[in-house]
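Quick notes on the structure that follows.
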């Protein structure tokens, strides 16, 4: 693990240079940079939302991905078969017709979907694949803490929020990425929006408890 501020181009360039020197290759790039959890306000119109927080959210969600791709993709393209995964919240189908929280959050999550689509056009002819990937309702450390539960007793949160029943561990999405990376025909998904639940059906993997939750079905 290497701490890097992905809003600082020079820092990202140095990171990629280090990878090139130490590894000589880059096979998978997962753009999962976010950090906007405490910056957005639910159901708040743009004229009432804190402007600095909203603009910071957009920079974290969009600029970081563009900066990282700018410096990392030349290394990824040195060898054929590279994979880029743009992490977002919500599939293209869901986000197309759904208002997501507020203007800033909506822009952030739909922009990443479009980023994967655009990267698909730029990487596909050069032998690499780009996809957007959305987890479902993820039981991250932050989400578990919000509901006052742990991974070993997370079902206790169902009394407060029944929809927590379709939640998934972060490992579920990790297994989705691993399945994509191991698929010699992954190029068939180039530029597409995918979900952890959908890929679990495609590849047959499960979450840690053997389930296959699908929040976007």
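Residue numbers (my numbering): 176 to 392. Just so you know, even glycine gets a beta-carbon here, dropped at the ideal spot from N, CA and C.
Buried versus exposed, by CB contacts within 10 Å (16 or more), residue i
i           : result
residue 273 : exposed
residue 181 : buried
residue 334 : exposed
residue 388 : buried
residue 305 : buried
residue 268 : exposed
residue 271 : exposed
residue 303 : buried
residue 250 : buried
Separation of residue j from residue i, as counted between CA atoms
i           : j           : result
residue 234 : residue 209 : 9 Å
residue 291 : residue 205 : 11 Å
residue 366 : residue 346 : 23 Å
residue 327 : residue 297 : 43 Å
residue 351 : residue 288 : 17 Å
residue 348 : residue 224 : 31 Å
residue 295 : residue 392 : 24 Å
Supposed close pair residue i, residue j - CB separation, criterion 8 Å
i           : j           : result
residue 370 : residue 266 : 5 Å
residue 185 : residue 312 : The pair is not a contact, with the Cβ atoms about 37 Å apart (cut-off 8 Å).
residue 211 : residue 241 : Wrong, their Cβ atoms sit about 16 Å apart, outside the cutoff.
residue 215 : residue 277 : 6 Å
Test item: CB-CB of residue i and residue j under 7 Å
i           : j           : result
residue 380 : residue 354 : yes
residue 257 : residue 218 : no
residue 309 : residue 344 : no
residue 283 : residue 232 : yes
residue 248 : residue 301 : no
residue 177 : residue 246 : no
residue 324 : residue 243 : no
Three-way DSSP call (helix, strand, coil) for residue i in this model
i           : result
residue 216 : coil
residue 208 : coil
residue 306 : strand
residue 355 : helix
residue 368 : strand
residue 259 : strand
residue 343 : strand
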